[in-house]
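Under this note's numbering, the final residue of the sequence shown carries the number 283; numbering is consecutive throughout.
All C-beta atoms in this analysis are idealised placements derived from N, C-alpha and C, irrespective of residue type, glycine included.
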Amino acid sequence: MVDGLAGRVAVVTGGAEGIGRGIALTLAAEGVRVAIADIDLRTAELAVGELRDAGVEALAVRVDVSDPAAMRAFAERVERDLGPVSVLCNNAGVMLDGTLVESTPEDWQWVLSVNLMGIVHGVSAFVPRMRERGEPAHIVNTCSMAGLAPRLAGGLGIYSASKAAAVAYSEMLRAELAPSGIGVTTLCPSTVNTRIWSASRNRPTEFGEGRPVPVPERISAALEPEQIGPLVVRAILEDRAYLYTGADMRSRIEERTARVLADIEHE
């Protein structure tokens, strides 16, 4: 378990805005040096400016988390410029609208390359270095309530499937890394007021044309990204296995569990 955060180094992928920026700002307030990786360097540099204003060293690097070589190079740069990483927040994510039946292979490749493989590449790039040092460290993987209890309407099938895979990966990773003193928190936010609904603006051309997701009406009651950061810091310090956010989290999990148990009871 990580004992205190001041003076440590953290990485936040997808940290230029949204949940990632909220996490980065809170870590900086705790005295953590922060490296932000994002596909949008200009916005990442603006976020880093805020971190430096808080009095900490910070670094912004343009990184495509779907590229394992880019993530390895990023790990080397962070360690060289800021020091060994103790906290890894795999936060980058994208969202896509559309039905499963009408989806294309390119749709799946794009979403999975970021939402699942972005986490995998982050772990592959940073965790061997953590293990080699043999010191306590922590990983936070931003998944989603959609990965635990997907809404069965709304056209977010690919997104939900990618997040379900990320949840399972994170659960297995926690068990695997526990003997090494590295904690893993599965972060499952409900609706948060971010720009993930327009993630298709950053969709690479090789994956075809993107489709923005209609912003749901419930966004007006959603949490703001800055509210997530303090919850993440507490989860790190408490070595929480799961972190849920949102007023509807319990009811959604209970409803899904009831559907699963109903068929078990019929056997």
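Item                                                                                                              : Value
From E46, D123, D56, residue whose alpha carbon lies closest to that of G71                                       : E46
Nonlocal neighbours in the same chain, by C-beta distance under 7 Å from F223, ignoring five residues either side : E122, Q125, W126
Classification of T158 by the beta-carbon crowding that lies within 10 angstroms, buried from 16 upward           : buried
Residue range of the beta strand (DSSP E) that includes V117                                                      : Where V117 is concerned, there is no enclosing beta strand (DSSP E), given that its DSSP letter is neither H nor E.
Assigned exposure category for T273 - 16 Cβ within 10 Å defines buried                                            : exposed
CB contact flag (V25, V64, <9 Å)                                                                                  : no
The region 180-193 contacting the region 93-104, beta-carbon criterion three pairs below 8 Å                      : no
A108 beta carbon less than 9 Å from that of G134                                                                  : yes
Helix, strand or coil at P84 according to DSSP, with G and I counted as helix                                     : helix
Assigned exposure category for G23 - 16 Cβ within 10 Å defines buried                                             : exposed
Under 9 Å between C-beta atoms of A251 and L203                                                                   : yes
Residue nearest to R88 in terms of C-alpha spacing, selected from R37, L43, V143                                  : V143
Spatial distance of L57 from I269 (CA atoms)                                                                      : 37 Å
Residues near G80 by beta carbon distance below 7 Å, same chain, minus five either side                           : Reading the sequence as shown, one finds Asp at residue 80 and not Gly. If we look at D80 and ignore the five residues flanking it on each side, its Cβ neighbours are I55, A86.
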